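Colleague:
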Amino acid sequence: MPSSLKYTGIILAGGQSSRMGQNKALLPIDDHTIIERVAKALKPTVSSLWIAGNYNADYSFLKLSEVPDIFPGQGPLSGLHTALSQISSEWYVVSACDLPFASTVLMQYLIEQTRIEGIQAVIPMQHGRIHPLYAVYHYSVLPSLQTALAHNQLRVRDWLDQQQVKYVEIESLYDPNVKELSSFQSISEYSLYNMNDPQSYEHVLHLLEQYPSLV
Numbered sequence: 001m002p003s004s005l006k007y008t009g010i011i012l013a014g015g016q017s018s019r020m021g022q023n024k025a026l027l028p029i030d031d032h033t034i035i036e037r038v039a040k041a042l043k044p045t046v047s048s049l050w051i052a053g054n055y056n057a058d059y060s061f062l063k064l065s066e067v068p069d070i071f072p073g074q075g076p077l078s079g080l081h082t083a084l085s086q087i088s089s090e091w092y093v094v095s096a097c098d099l100p101f102a103s104t105v106l107m108q109y110l111i112e113q114t115r116i117e118g119i120q121a122v123i124p125m126q127h128g129r130i131h132p133l134y135a136v137y138h139y140s141v142l143p144s145l146q147t148a149l150a151h152n153q154l155r156v157r158d159w160l161d162q163q164q165v166k167y168v169e170i171e172s173l174y175d176p177n178v179k180e181l182s183s184f185q186s187i188s189e190y191s192l193y194n195m196n197d198p199q200s201y202e203h204v205l206h207l208l209e210q211y212p213s214l215v
């Protein structure tokens, strides 16, 4: 049974960052690390905020509770399972640790969609691509997560096909004045941009030079 905390925030930080060559969650963006930016985006939307990941990284400066992966090295489904199986809640507000322009407003909009009866997950889409690592999940998906991991079925899209999912196309939500606003307080084409390699990190730094208000 879920606790009285209806919405609990989870930052997924258990990846190996192999393409980046270093822990991408700790890369500096302006005067903060990227994981600090993600935490700042999520905090207004949740009752509590946790990190699900590996203890090889030091996230103590965030002053957030942490839970280690139960199935380390098995991808994002493992991180989601870690959160749902160890933290009691009704809904889980989830973000990967590598979204430099994570949007509080977008997450608030996704949370509003959880009022739809029978929905188990709310996931944004952009240009036809789903973004399951900036999304909201109901505790009822846990049994299917356990089954998928036990059978080494790690494809996120295959698992989602078994859930009642509300997909949200975000293009219509873009704020035309985003370049004059904080990235946290608006929805833009950058809200779901994630950094997987040095080139994408350099692109983020270039964007911040062009549009300082995104900091």
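Its first residue numbered 1, the sequence shown is counted upward by one per residue in my numbering.
All residues carry an ideal CB built from backbone N, CA and C; glycine is no exception.
Note that the coordinates shown come from a computational prediction; the quantities given were computed from them, not determined experimentally.
Just list the residues that DSSP pairs A52 with in beta bridges.
Modeller: The residue labelled residue 52 in the question sits at position 52 within the sequence shown. Answer by DSSP bridge pairing, in chain order: L12, V67.
Colleague: Starting from S95, follow the beta strand (DSSP E) in both directions and report where the run begins and ends.
Modeller: As a working note, residue 95 is residue 95 in the sequence shown. Segment 91–96, the beta strand (DSSP E) holding S95.
Colleague: Beta-carbon of A39 versus every beta-carbon of chain D: anything under 8 Å?
Modeller: Checking the listed chains, one finds no chain D in this structure; it contains a single protein chain.
Colleague: Can you list, in chain order, the residues of its chain whose CB lies under 8 Å from that of V165, leaving out five sequence neighbours each side?
Modeller: Locating residue 165 in the sequence shown gives position 165, counting from the first residue. Excluding residues within five positions, the ones whose Cβ falls inside 8 Å are I119, Q120, A121, V122, I123.
Colleague: Roughly how many angstroms lie between the CA atoms of S182 and E169, to the nearest whole one?
Modeller: Counted from its first residue, the sequence shown places residue 182 at position 182. Counted from its first residue, the sequence shown places residue 169 at position 169. Straight-line Cα distance between these residues: approximately 21 Å.
Colleague: So is M1 buried or exposed if we call it buried at 16+ other beta carbons inside 10 Å?
Modeller: Sequence index remark: in the sequence shown, residue 1 carries index 1 (1-based). Because M1 sits at a pLDDT of 43, beneath the cut-off of 50, its placement in the model cannot be relied upon, and the following sentence gives the value as read from the coordinates. Result: exposed.
Colleague: If the criterion is Cβ atoms closer than 8 Å, does the pair T104 and P44 meet it?
Modeller: Counting from one through the sequence shown, the residue named residue 104 turns up at place 104. Counting from one through the sequence shown, the residue named residue 44 turns up at place 44. Contact: yes.
Colleague: Can the beta-carbon of Q162 be found less than 8 Å from the beta-carbon of S140?
Modeller: Against the sequence shown, residue 162 aligns to sequence position 162. Against the sequence shown, residue 140 aligns to sequence position 140. Cβ distance not < 8 Å, so Q162 and S140 don't count as in contact.
Colleague: Which of the three DSSP states, helix, strand or coil, is assigned to H81?
Modeller: Within the sequence shown, numbered from 1, the residue matching residue 81 stands at position 81. Three-state result, H81: helix.
Colleague: Whole angstroms are fine: how far does the CA of L64 sit from the CA of A148?
Modeller: Residue mapping note: residue 148 aligns to position 148 of the sequence shown, counting from 1. Residue mapping note: residue 64 aligns to position 64 of the sequence shown, counting from 1. In a straight line, the C-alpha of A148 is about 28 Å away from that of L64.
Colleague: Measure from the alpha carbon of E202 to the alpha carbon of each residue in K24, A39, I10, then state which is nearest.
Modeller: Position 202 of the sequence shown, counting from 1, holds the residue named residue 202. The shortest Cα separation from E202 among K24, A39, I10 belongs to K24.
Colleague: For A39, which three-state DSSP category applies?
Modeller: For this step, residue 39 is matched to residue 39 along the sequence shown. It is helical.
Colleague: With a threshold of 6 Å on Cβ separation, who are the neighbours of P132 within its own chain once the five nearest residues in sequence on each side are excluded?
Modeller: Walking along the sequence shown from the start, residue 132 turns up at place 132. Here the set comprises I123, V156.
Colleague: Rounding to the nearest angstrom, what Cα-Cα distance links G9 and L106 in this structure?
Modeller: Start at 1 with the first residue of the sequence shown, and residue 9 comes out as number 9. Start at 1 with the first residue of the sequence shown, and residue 106 comes out as number 106. Roughly 14 Å between the two C-alpha positions.
Colleague: Quick check on the DSSP output: what are the complete alpha helix (DSSP H) runs of length 4 or more inside the stretch 86–139, in order along the chain?
Modeller: Those alpha helix (DSSP H) runs which fall completely within the stretch 86–139 and span 4+ residues are 104–112.
Colleague: With E209 as the anchor, note down where its alpha helix (DSSP H) starts and where it stops.
Modeller: Reading the sequence shown from its first residue, position 209 is the one you call residue 209. It spans 198–210 - the alpha helix (DSSP H) in which E209 sits, taken as one unbroken run.
Colleague: Using C-beta distances below 6 Å, list every residue in its chain close to L26, excluding the 5 sequence neighbours before and after it, in chain order.
Modeller: Residue 26 sits at position 26 when you count from the first residue of the sequence shown. Same-chain partners within the cutoff: T33.
Colleague: Rounded to a whole number of angstroms, what is the C-alpha to C-alpha distance between N177 and F101?
Modeller: In the sequence shown, residue 177 corresponds to position 177, counting from 1. In the sequence shown, residue 101 corresponds to position 101, counting from 1. Answer to the nearest angstrom: the Cα atoms are 15 Å apart.
Colleague: By DSSP's criteria, T33 is part of a beta bridge. Which residues make up the other side?
Modeller: For the purposes of this step, residue 33 is identified with residue 33 of the sequence shown, where counting begins at 1. T33 is bridged to P28.
Colleague: Could you check the C-alpha separation between Q210 and S85 for me, to the nearest Å?
Modeller: Within the sequence shown, numbered from 1, the residue matching residue 210 stands at position 210. Within the sequence shown, numbered from 1, the residue matching residue 85 stands at position 85. Cα to Cα, the separation comes out at about 42 Å.
Colleague: Once DSSP output is grouped into helix, strand and coil, what is the label at V165?
Modeller: Against the sequence shown, residue 165 aligns to sequence position 165. DSSP places V165 in strand when its eight states are reduced to three.
Colleague: Mind checking who Y7 pairs with in its DSSP beta bridge?
Modeller: Start at 1 with the first residue of the sequence shown, and residue 7 comes out as number 7. Answer by DSSP bridge pairing, in chain order: W91.
Colleague: Can you say whether F61 is buried or exposed, counting buried as having 16 or more other CB atoms within 10 angstroms of its CB?
Modeller: Here residue 61 is taken as the residue at index 61 of the sequence shown, counted from 1. Under this definition F61 is an exposed residue.
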